[in-house]
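Student: This structure is in structure tokens; I'll ask about it shortly.
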Amino acid sequence: MEFKFDEFLIEWMDLSNEYKKLEITNTNYLDALENLELLQEQCTMQIKHQRYRMQQMLRTMKQQTSNKHLSTEKDKLQELEKNMLKRKAQLHEIEQGLPQKNSFYLNIILGNVNVSILNRSDKVRYKDDYEKFKLILNVIGLLLSFLNILVNYRALELAFLFLLVWYYCTLTIRESILKVNGSRIKGWWRLHHFISTASAGVLLVWPQGEPWQLFRTQFMCFNVYISLVQYMQFGYQKGVLYRLKALGERHDMDITIEGFHSWMWRGLSFLIPFLFIGYAFQAYNAWTLYKLREHSDATWQISVLSVLFFILFVGNTTTTMLVIPQKLRGRIKERYRLMSLSGALKARKQNRDDRIAKNKFESSGLDDGRKTK
Ligand code: COA
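With our numbering applied, the sequence shown corresponds to residues 191 to 563, in that order.
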């Protein structure tokens with residue numbers, strides 16, 4: 191084939207013209223990005239302002255409620271307080287679309303990189319991923335701990351303990367990212383996973399000897415039980431996520447929110463007895479280890495683990511006991527959060543459907559164009 195330089199040159203000029211278009215698009219993109227940052231800053235400032243003013247108003251209202259002359263205004267004040275609660279939830283929802291600062295822990299581990307997820311459905315997907323990660327690692331943990339009950343082989347034991355250190359450490363990172371992205375996960379559950387990382391580390395360096403052999407089977411049985419309970423927890427959390435997603439697709443918000451709540455209470459009343467048995471097991475572990483301190487071959491790991499198991503028992507029991515009254519008290523706030531979240535998910539779904547319909551329409555137009563040619 192003959193090489194035609196002129197044709198080649200024309201093609202290059204064509205491409206250069208297209209590149210100019212790309213340059214313009216890029217300039218527009220950079221402008222939009224700058225504008226976006228500006229808007230984000232403005233939103234953050236306005237949220238701060240809203241919170242500051244509300245705090246001032248609440249302080250004044252508290253002073254006024256003790257004023258007897260205002261007893262007739264009590265209903266109005268209560269209504270205002272309710273509206274403020276709603277506003278707090280609204281501000282929280284707006285914040286979900288804005289970048290947040292990393293925690294100190296994340297800064298140490300990841301460096302100064304922003305982990306904010308600005309899109310609501312991506313946030314839900316990340317949470318979904320976190321739950322799946324826990325499930326897979328739990329199944330592996332269940333198999334390994336079960337195998338360790340059947341076989342007493344040091345390498346297998348160490349593999350399991352090492353897996354526990356890595357798993358809990360990874361959880362602390364993932365949960366810190368979830369927290370930056372607006373998760374309401376309680377401080378205790380995060381601390382729980384830090385303590386569990388430390389416990390698994392101590393177990394890993396606990397020298398082989400009679401005390402370890404005396405505790406070993408009990409510990410492996412505990413892990414089998416915990417893995418099963420965590421499987422139930424996965425079922426519960428997955429149900430919550432599934433229902434949240436479904437909320438965004440329904441029309442009658444009141445019915446679906448009521449349905450969500452009744453499902454949640456049913457799920458909780460099924461799960462909680464199993465959780466408390468797990469906590470009793472933790473207390474029993476602490477007690478067994480406490481007794482093992484008196485063994486002639488006892489090492490420092492035994493006392494440390496006894497204290498750590500006891501802390502886990504107390505922390506878990508208190509936090510889980512507080513969950514129910516907290517959920518009852520926070521109903522209005524929770525209700526508004528759900529409505530707002532479902533609204534956001536619904537808007538996203540609508541956008542996605544519109545985009546798909548538009549793409550279909552455009553591609554069918556192209557096909558028609560080709561056919562008529
Ligand atoms: N680990 C990680 N995240 C948790 C959590 C836990 N143990 N408990 C709650 N969360 C998360 C929820 O998913 C939710 O996240 P979101 O804001 O991103 O949606 C947030 O924290 C708030 O949850 P909350 O409404 O307080 O509770 P819940 O209804 O989701 O769950 C329990 C309540 C009691 C079922 C749950 O806390 C639980 O399973 N606790 C037991 C954990 C435990 O004891 N583990 C050791 C096993 S022995």
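Ideal Cβ placement from N, Cα and C applies to all residues, glycine included.
Select from L431, H282, F384, R344 the residue whose C-alpha is nearest the C-alpha of L394.
Tutor: Mapped onto the sequence shown, residue 394 falls at position 204. Cα-wise, what sits closest to L394 is R344.
Student: Secondary structure at H485, three-state DSSP: helix, strand or coil?
Tutor: Along the sequence shown, read from residue 1 onward, the residue named residue 485 stands at position 295. DSSP places H485 in coil when its eight states are reduced to three.
Student: Mark K252 as exposed unless 16 or more other C-beta atoms lie within 10 angstroms of its C-beta, in which case mark it buried.
Tutor: Position 62 of the sequence shown, counting from 1, holds the residue named residue 252. Per the 10 Å Cβ criterion, exposed.
Student: Using the Cα positions of K548 and I284, report the straight-line distance between them to the nearest angstrom.
Tutor: Looking up residue 548 in the sequence shown gives position 358. Looking up residue 284 in the sequence shown gives position 94. Rounded to whole angstroms, K548 to I284 spans 28 Å at the Cα level.
Student: In three-state terms, what does DSSP make of R249?
Tutor: In the sequence shown, residue 249 corresponds to position 59, counting from 1. DSSP places R249 in helix when its eight states are reduced to three.
Student: So is the beta-carbon of V419 under 8 Å away from any non-hydrogen atom of ligand 1?
Tutor: One-based indexing of the sequence shown puts residue 419 at position 229. Yes, Cβ of V419 sits closer than 8 Å to a heavy atom of ligand 1.
Student: Would you call M410 buried or exposed, if buried means 16 or more other Cβ atoms sit within 10 Å of its Cβ?
Tutor: Here the question's residue 410 lines up with position 220 in the sequence shown. Buried: at least 16 other Cβ atoms inside 10 Å.
Student: Should W453 be listed as close to ligand 1, given that the test is whether its C-beta is under 8 Å from any heavy atom?
Tutor: Taking the sequence shown and counting its residues from 1, one reaches residue 453 at position 263. Answer for W453: no, Cβ out of range of ligand 1.
Student: Establish whether the CB of Q491 and some CB of chain D are separated by less than 9 Å.
Tutor: Absent from the structure is chain D; it holds one protein chain and no more.
Student: Exposed or buried, which one is F294 when buried takes at least 16 other CB atoms within 10 Å?
Tutor: As a position in the sequence shown, residue 294 is number 104, starting the count at 1. That one is exposed.
Student: Could you round the C-beta distance between I339 and T407 to whole angstroms and report it? I think they count as a contact, below 8 Å.
Tutor: Along the sequence shown, one-based indexing puts residue 339 at 149. Along the sequence shown, one-based indexing puts residue 407 at 217. Between T407 and I339 the Cβ distance is about 6 Å, and since that is below 8 Å, they are a contact.
Student: Is it buried or exposed for Q232, if we count other Cβ within 10 angstroms and need 16 for buried?
Tutor: As a position in the sequence shown, residue 232 is number 42, starting the count at 1. Per the 10 Å Cβ criterion, exposed.
Student: Can you give me the Cβ contacts of G572 inside the same chain, cut-off strictly under 7 Å, excluding the 5 residues immediately before and after it?
Tutor: Nothing about residue 572 can be read from this structure; the chain reaches only from 191 to 563.
Student: According to the neighbour-count rule (16 or more other Cβ atoms, all chains shown, within 10 Å of its Cβ), is A279 buried or exposed?
Tutor: Position 89 of the sequence shown holds residue 279. Buried.
Student: Is the beta carbon of F412 closer than 9 Å to that of F352?
Tutor: On the sequence shown, position 162 is the one that residue 352 refers to. On the sequence shown, position 222 is the one that residue 412 refers to. Taking 9 Å as the Cβ cut-off, F352 and F412 do not qualify as a contacting pair.
Student: Looking at the structure shown, is V329 part of a helix, part of a strand, or coil, going by DSSP?
Tutor: Mapped onto the sequence shown, residue 329 falls at position 139. Helix.
Student: Using the three-state DSSP reduction, which class does S493 fall into: helix, strand or coil?
Tutor: Walking along the sequence shown from the start, residue 493 turns up at place 303. It is helical.
Student: Let me know the secondary structure DSSP gives L228 once reduced to three states.
Tutor: On the sequence shown, residue 228 is found 38 positions in, with the first residue counted as 1. Reduced to three states, the DSSP call for L228 is helix.
Student: Taking Q286 as the reference, which of L512, V314, P401 has the closest Cα?
Tutor: For the purposes of this step, residue 286 is taken as residue 96 along the sequence shown, with counting starting at 1. If we check each option's Cα against that of Q286, V314 comes out closest.
Student: What residue range is occupied by the uninterrupted alpha helix (DSSP H) comprising I363?
Tutor: Position 173 of the sequence shown holds residue 363. First-last of the alpha helix (DSSP H) with I363: 344-370.
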